[in-house]
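Undergrad:
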Amino acid sequence: MSQATNYEQETLDPQNPTGPKIKVVIAHALYLKIYKYNPVKYENIRLVKEVLENPERIFGGIRAHNEGGWCYAGRPSKLYISGGQVIDFPSDKVFAVYVNPRFRIFDWCLEYVDDSDNLNPKNWTERYRSLLWPKSIS
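With the working numbering, the residue at position 130 of the sequence shown is 191, and numbering never jumps.
(1) Tell me whether residue 199 is buried or exposed, calling it buried when 16 or more other Cβ atoms sit within 10 Å of its Cβ.
(2) What is the DSSP secondary structure of residue 80, reduced to helix, strand or coil?
(3) How is the alpha helix (DSSP H) around residue 90 delimited, first residue to last?
(4) Should residue 121 be counted as a contact of the ligand NAP given a C-beta to heavy atom distance under 8 Å?
(5) Would DSSP call residue 71 helix, strand or coil?
(6) Label residue 147 either buried or exposed according to how many other C-beta atoms from any shown protein chain fall within 10 Å of its C-beta, with 16 as the threshold for buried.
(7) Could you give the first and the last residue of the continuous beta strand (DSSP E) run that contains residue 190?
(8) Considering only the alpha carbon of each residue, which of 69, 64, 192 and 66 lies closest to residue 131?
(9) Could you pull the start and end residues of the alpha helix (DSSP H) that residue 107 belongs to?
(10) In three-state terms, what does DSSP make of residue 102?
(11) Taking the CB atoms as reference points, tell me whether residue 124 and residue 188 lie closer together than 9 Å.
(12) Throw me the rounded Cβ distance for the residue 67 and residue 87 pair, which I believe falls under 8 Å.
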């Protein structure tokens with residue numbers, strides 16, 4: 062019998078974004094549960110990979126979900142919707158990946174963009190303690 066495998070992804074270290082990359086993990090049990098009960102969210106694991114490989118923003122201190130933790134946000138090129146359909150990523154949304162203090166991914170979802178910046182989730186100043194990584198535009 063094969064052993065359950067966690068999904069690992071390299072990304073920027075939220076505590077040192079310009080330093081060496083770290084690995085974050087989606088536990089096998091979590092992605093298996095999502096595969097069974099939420100196929101669209103499962104398909105959007107591809108977006109988790111895309112955002113973590115190239116985050117536009119990293120926020121520290123997730124107030125609603127954890128004491129500590131981070132939110133990685135970005136705007137992938139595509140979005141997977143029901144029935145296996147793929148659409149262009151909506152301009153009024155950002156994709157958020159939530160990571161706990163042990164570097165475990167515990168959620169990912171679409172968020173409306175904030176009025177002040179279309180790369181920030183709506184009301185980010187009330188939901189997170191700080192903005193840690195604004196990707197530079199070159």
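No residue lacks a Cβ here, since even glycine has one placed at the ideal position from N, Cα and C.
TA: Answer, in terms of the structure:
(1) Because residue 199 sits at a pLDDT of 43, beneath the cut-off of 50, its placement in the model cannot be relied upon, and the point is left open.
(2) Residue state, collapsed to three classes: coil.
(3) 89-98 is the extent of the alpha helix (DSSP H) around residue 90.
(4) The ligand NAP is absent from the structure shown, which contains no ligands of any kind.
(5) The DSSP-derived three-state label of residue 71 is strand.
(6) The residue is exposed, with fewer than 16 neighbouring Cβ atoms inside 10 Å.
(7) Start and end: 189-195.
(8) Comparing Cα-Cα distances from residue 131 to each of 69, 64, 192 and 66, the minimum goes to 192.
(9) Residue range 106-114 is occupied by the alpha helix (DSSP H) that includes residue 107.
(10) DSSP places residue 102 in helix when its eight states are reduced to three.
(11) Taking 9 Å as the cut-off, the beta carbon of residue 124 is found closer than this to the beta carbon of residue 188.
(12) Contact between residue 67 and residue 87 is confirmed by a C-beta separation of about 7 Å, below the 8 Å threshold.
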